[in-house]
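A.B. asks: Below: one structure in structure tokens.
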Amino acid sequence: MSTDFSVEDKLGLLENTIDYFWTQFAGIVVLLMQLGFAFLEGGCVRYKNMQSIMIKVYLNTCIAVICWWLVGYGICMGSGKFAGTDYYAGSNFAGTKNYSHWVLQTSVGAAANSIVSGGAVERMSIIGYCFLSVAFSSFIYPICAHWTWGGGWLQDLGYIDLAGSGTIHFMSALGALVLTVMLGARKNRWNEKYANEFNPSNTTYICLSTLSLYTCWIFFNAGSTTALSGTMAYAAGRATTNTIIAGASGGLTLMVLHYYKNRNEKSKFSLVMICNGNLAGLVAVTGSCDGIELWAAFVIGILGGLTYWGFGILMHKFKVDDPVDAFPIHGGCGLIGAQFPGWFNTEKGIFYGHGAKQWGIQLLGTVVWLGWSVVLHAVVIFVLKILGLLNVTPEVEEKGLDYAQCGGGGFDYQLLPPILSAGGYENVKSAINQKQNNVPQFGQDNDQQQVL
Amino acid sequence: MSTDFSVEDKLGLLENTIDYFWTQFAGIVVLLMQLGFAFLEGGCVRYKNMQSIMIKVYLNTCIAVICWWLVGYGICMGSGKFAGTDYYAGSNFAGTKNYSHWVLQTSVGAAANSIVSGGAVERMSIIGYCFLSVAFSSFIYPICAHWTWGGGWLQDLGYIDLAGSGTIHFMSALGALVLTVMLGARKNRWNEKYANEFNPSNTTYICLSTLSLYTCWIFFNAGSTTALSGTMAYAAGRATTNTIIAGASGGLTLMVLHYYKNRNEKSKFSLVMICNGNLAGLVAVTGSCDGIELWAAFVIGILGGLTYWGFGILMHKFKVDDPVDAFPIHGGCGLIGAQFPGWFNTEKGIFYGHGAKQWGIQLLGTVVWLGWSVVLHAVVIFVLKILGLLNVTPEVEEKGLDYAQCGGGGFDYQLLPPILSAGGYENVKSAINQKQNNVPQFGQDNDQQQVL
Amino acid sequence: MSTDFSVEDKLGLLENTIDYFWTQFAGIVVLLMQLGFAFLEGGCVRYKNMQSIMIKVYLNTCIAVICWWLVGYGICMGSGKFAGTDYYAGSNFAGTKNYSHWVLQTSVGAAANSIVSGGAVERMSIIGYCFLSVAFSSFIYPICAHWTWGGGWLQDLGYIDLAGSGTIHFMSALGALVLTVMLGARKNRWNEKYANEFNPSNTTYICLSTLSLYTCWIFFNAGSTTALSGTMAYAAGRATTNTIIAGASGGLTLMVLHYYKNRNEKSKFSLVMICNGNLAGLVAVTGSCDGIELWAAFVIGILGGLTYWGFGILMHKFKVDDPVDAFPIHGGCGLIGAQFPGWFNTEKGIFYGHGAKQWGIQLLGTVVWLGWSVVLHAVVIFVLKILGLLNVTPEVEEKGLDYAQCGGGGFDYQLLPPILSAGGYENVKSAINQKQNNVPQFGQDNDQQQVL
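Chains as they are written, first to last, in the UniProt record's numbering: chain X, 1 to 452; chain L, 1 to 452; chain A, 1 to 452.
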């Protein structure tokens, strides 16, 4: 390091270095959450759509990166009340904190986009989903991010949402909800006879996903402090601790709820419920985690678990087909998580005698996300519908997107050598089908994806 | 950062920041080891129990977090010779190193708890396992941690165990051993006719697990220095390097041993053996890794591999059914790993001419873990037995916990579309069973876990 | 920290700490790439070879660690024009940056070794592969690393290759190419009737692999700056941002190319193509990522994608059986990636008006890698051939290395309880085989790997 710098200068540089490193580092780890989303959704859907949903998550990752380079970061972090106007296409990055902040904001934006993908599984056109991702990553979400963290009007009002219970989870899950409603339910979804067919196809993938999301989520929340120097290390430490606790109490809450409801059944325990409860607690604590005490994180985890459970019942009651529980988890728990800074924040919350003003601001933000997300998503998705880019055809849905459009399933072909040696599925199927009953077949072909 | 601080103050803060960051950061990564344990054990057990063991690991993760928040951290890091009395339920955390140390200690505690779960697979009640986890995370392990790292009496005596070869691995594996002995062997485990049935069901999951554990383990060991500032970066660097080397030499040792023994068989090579050898080397170096030279790490990896191999033979000889090799890996290699600071430590070890005093202290610690762990685990497990919370019924064991209690398998249902289209397992089974031979069926039903 | 140090000293130590930490930290994360390589190759090969390729990757990881401790690091980082002569077997590490640099260089060396393994799948002797790994990690690659980063002659000339587009990817992929050519194509590989058999067996494993490689790759590239203090944080930030962007544009490029070519087929979309395009972009930007602007990274990702596509077509045209596309991805994109510092580097590149001198140096380096790698690999592999350690026998290849030498498949045995309850594969096969057609059987046995 040059000797031209004074000790004070060097110290300031070092503080910057640590802050940039922390922010950028957390951002890189948050990018790994895309693996979590791919396997969470892949584990939930039927095998005939496992490859296609991973394609969607992978594509929205790449699309988010390009959109955030071109316009998203400029909108989010540039100056302006409604939307930022600097930093488009990487301009003015050299020698600033923008590299590190771009990494964090972009990864976070990709994660938000993946939440929306939860509504798209098993029946949405892949091309249509790409267009929706472009819209989401170019303006729907970056503008929300600007309002909350980039110097926008909500931030000016004092809205608190550290890592986005409202801005990211609630807002994005509303997109998933609008999408899933406009796509309509999957065929036979609400026909009791076919209920088993819609159970998660691979619970180990869901476990892989949520245990890795748990770790990445901690960096997501703690990294959103974007600083460690000075006394900021304590804020990041508190965010870390609270995130871990809320995730754990959410997981245990769902374990208990599920056990109590099914205590006389053969499905007393459910790995998926524990995983989703874990996520529910994480979503619920995301907005408030740096400003609350540890007992509050424990309570928030329980409230998150209960909210997920309640919204899940509502979705079933109103027959909304949300294949990966995107809205109960991210929407329901994001909704309450956006309120918690108004309740539990040690310096602003109702529970600490600071009145309801902060909660009022949080409610305002919540209403804003509701209106913004529903309207914009509905418009974009309606345009896709007009263009014929929303639903796949009933034949493609029946066959599965993997077999109809992606050249083969995620990993069912060739799985068992005897099946291959017997000439593939078709032969096995007909060998078995002498006992064919009234469960519908969904076709599959031997032609697989071509590697080149 | 405020200008009220002097340069000296700022520098001190910055050193703290780096130390807290390192500790907390390593702690977060160690939490990811739960994914490793879930897939290691999931890959070892039969498919009919894959979901249930992942449930156990997930639950002990959540339970460890809550217990360490309420009492564990207070016992471990509070002041007192026998057990700490401060910091219960997150008290007195604000503005201290406690956030970062809580994260590390809690993640480490969750990992220790997962080692015990190795004894519980395929036949232990899930509810009973939860109670055992509460006991383990509330007092069995935190007290050991206090004695070693929290200012307890063993630490005062000079006991060295950086990241817990003795305190964590040996102690916890003794718990797994007591558990597996008191549960008894799985049905048909020692009947040669059924030997193949007990082979690992998914070696790729085991590979996924150990390659990710390898990386996390490095952070576990190096992070246990809990400091990087000043000259501590070198200690962390040495711990890192030695951990990598010992893991590699352990893996190669088992590759060679297995090859030599099976050189004329069709199973000359074994992925599982390499994975377990890798773990064996890691366990063996865990206690001494910051204080030894690189050649010693190489030797320790080999000794770890040999020890694992030897204990594995003993377990088979005495027909102890340890389904995931928890005791040979964590117990055997933890046992020797606890001695190595007395042998190889450059400032205290016999090999460097410092006499046997340090080894004496290490032996004392080892005996303490043996007595403490066996007695406490035996008592707790005996109480569970009396309460009827130890073994599942023979019917549940036969059917598999997944099918009997968890609503379905980890990922076998719906796996192959033709099987689903043929009406599910039952039909496939009867279509196939014309050739039914004397291998016992283990039933499965079409009812799957309900998502809500 | 001792009070003997002045503020200046402490500050210098702290800067060192941060630099060492960054380097070592990135190195540990890069080790996790071995998981990515194991699952990338495991997902590409037929099920009958999934365990064996993971064995190869695991072994080359362990071998690289031991070789880099004994000689690799000394050759790479010691002083000398042709090869370093210090630091063998960990000598002179104490109190230096060598611990942290050893970790990074060793992990990087293990990754390079895994690239070569791509040529070895499905037909190479495991023992033979071990010898090749020893050669690769002992001198073939460390000497290249010395020339580029360790003070060797190419570095003196001004060759730029931050994280090794040329030195690692191109050089290693040439090794894979020589290996795959000398091994010959897999049986029936170019017989159209069997084309489907050679499709990737598990696209979800490939997705798992590339999404985790994406994240680790960022640390690989940014960590290769080996410093964060002073103004170096900006270089690492730029490397991070550019790596993310190039990966994304590579993935999208292949999505578009594949869609366009197959727009009228049932395989319009391909998860594997997106994954490989992602990798292609990453390889292409690896050499230049700290010295280019963001738009250049976007362009490089596209060029990487096109290059991968083009080389893929060439490999098919010339019937080179490269089972995991190692050469099109690492070789093709490494080849162009090595040129880009001469084109896009803001301070040296043609596009910034600095003439062709830098490109000339890059071309020289490229020619050196070509000659060095082809000759050395050919010699070593030829020796293996003479010793009978190259190809497995046709019987072993037919049966699959897993079934012939590793005691069983990666996860096909016991997969479906009804199959086990029907007496295993053999019975299922004969029950099904009444419809046996002209697709060849590949046998499997019930004997599985023995755990001990």
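Idealized CB from N, CA, C, for every residue including glycine.
1) Please decide whether L/Ala404 counts as near chain X, where near means a Cβ-Cβ distance under 8 Å.
2) Please report the distance separating the alpha-carbon of A/Ala64 from that of L/Leu294.
3) Name the DSSP beta bridge partners of X/Met124, please?
4) Short of 7 Å Cβ to Cβ, which residues in the region 333 to 362 of chain L face chain A?
5) Just to confirm, are X/Phe136 and X/Ile75 a CB contact at a threshold of 8 Å?
6) Please give the ranges of any alpha helix (DSSP H) in the region 332 to 390 of chain L, keeping only runs that are unbroken, at least 4 residues long and fully inside the region.
7) Kindly list, in the order they appear in chain A, the residues whose Cβ is closer than 7 Å to that of X/Gln34.
8) With 8 Å as the threshold, decide whether the Cβ of X/Ser100 is near any Cβ in chain A.
9) Where do the ends of the alpha helix (DSSP H) carrying X/Ser172 lie?
10) Hey, out of A/Glu192, A/Asn262, A/Thr96 and A/Ala338, whose CA is closest to A/Ala284's CA?
11) Which class does X/Ser6 belong to by DSSP, given the choice of helix, strand or coil?
12) So what's residue 511 of chain X in DSSP terms, helix, strand or just coil?
13) Establish whether the CB of A/Leu162 and some CB of chain X are separated by less than 8 Å.
14) Please list, in chain order, all residues of the same chain as L/Ser224 whose beta carbon is under 6 Å from its beta carbon, the five residues on each side excluded.
15) Using beta carbons (cut-off 8 Å, strictly below), is A/Cys275 in contact with chain L?
16) Quick one: give me the first and last residue of the alpha helix (DSSP H) that X/Leu254 is part of.
17) Determine, using beta carbons only, whether A/Ser107 and A/Val30 come nearer to each other than 8 Å.
18) Compute the Euclidean distance between the alpha carbons of A/Gly424 and A/Ile381, then round it to the nearest angstrom.
19) Mapping the DSSP letters down to three states, classify X/Cys406 as helix, strand or coil.
20) Give the residues of chain A in contact with L/Thr240, contact being defined as C-beta atoms less than 7 Å apart.
21) Just the Cα atoms here: how many angstroms apart are L/Asp19 and X/Thr226?
22) Taking 8 Å as the threshold (C-beta atoms), are X/Thr346 and X/Leu306 in contact?
23) On the criterion of 16 or more Cβ atoms from any shown chain inside 10 Å, does X/Asn92 qualify as buried, or is it exposed?
24) In angstroms with no decimal places, state the Cα-to-Cα distance between A/Cys44 and A/Thr203.
25) Give the single residue among A/Gly331, A/Met232 and A/Tyr259 whose Cα lies nearest to the Cα of A/Leu279.
26) How about L/Ala89 and L/Leu70: do their beta carbons lie closer than 8 Å?
27) Applying the 10 Å Cβ sphere with the 16-neighbour rule, what's the burial state of A/Trp190?
28) In this structure, does DSSP put A/Ser267 in helix, strand or coil?
29) Got a sec? Which residues, its chain only, sit under 8 Å from X/Met232 by beta carbon, not counting five neighbours each side?
30) Excluding the five sequence neighbours on either side, which residues of its own chain have a C-beta within less than 6 Å of the C-beta of L/Glu192, listed in chain order?
31) Leaving out the 5 sequence neighbours to the left and right, which residues in its chain are closer than 6 Å to L/Ser165 when beta-carbon positions are compared?
32) Consult DSSP for L/Ala83 and reduce its assignment to one of helix, strand or coil.
33) Who are the Cβ neighbours of A/Leu389 in its own chain at under 8 Å, not counting the five residues just before and after it?
34) Secondary structure at A/Trp190, three-state DSSP: helix, strand or coil?
35) For X/Gly410 and X/Lys48, what's the separation of their Cα atoms in angstroms?
36) Within a Cβ cutoff of 6 Å, which residues of the same chain sit near L/Gly301, ignoring the five residues on either side of it in sequence?
C.D. replies: In terms of the structure at hand:
1) yes
2) The alpha-carbon atoms of A/Ala64 and L/Leu294 are separated by roughly 15 Å.
3) When DSSP reads this structure, X/Met124 sits in a beta bridge with X/Asn391.
4) none
5) Contact check for X/Phe136 against X/Ile75 fails: the beta carbons are separated by 8 Å or more.
6) 333 to 337, 340 to 344 and 357 to 386
7) Leu211
8) yes
9) Boundaries of the alpha helix (DSSP H) around X/Ser172: Met171 to Leu183.
10) A/Ala338
11) coil
12) Lying outside 1 to 452, the shown extent of chain X, residue 511 of chain X is not represented and no answer is given.
13) no
14) Leu162 and Ala163
15) The beta carbon of A/Cys275 sits no closer than 8 Å to any beta carbon of chain L.
16) Met232 to Lys261
17) The answer is yes: Cβ separation under 8 Å.
18) A caution first: A/Gly424 carries a pLDDT of 46, below 50, which makes its placement in the model unreliable, though a value can still be read off. Taking the straight line joining both Cα atoms gives about 39 Å.
19) coil
20) Gln24, Ile28, Tyr99 and Val103
21) Each residue's alpha carbon lies about 18 Å from the other.
22) If you check the CB distance, X/Leu306 and X/Thr346 do not come in under 8 Å.
23) exposed
24) 8 Å
25) A/Gly331
26) Between L/Ala89 and L/Leu70, the gap from beta carbon to beta carbon is short of 8 Å.
27) exposed
28) coil
29) For X/Met232, where only same-chain residues beyond five positions count, the Cβ hits under 8 Å are Asp19 and Thr225.
30) none
31) Hits under 6 Å: Thr286, Gly287, Gly334, Gly337 and Ala338.
32) coil
33) Ser125, Ile127, Gly128 and Phe131
34) coil
35) 8 Å
36) If we look at L/Gly301 and ignore the five residues flanking it on each side, its Cβ neighbours are Ala246, Ser249, Gly250 and Gly281.
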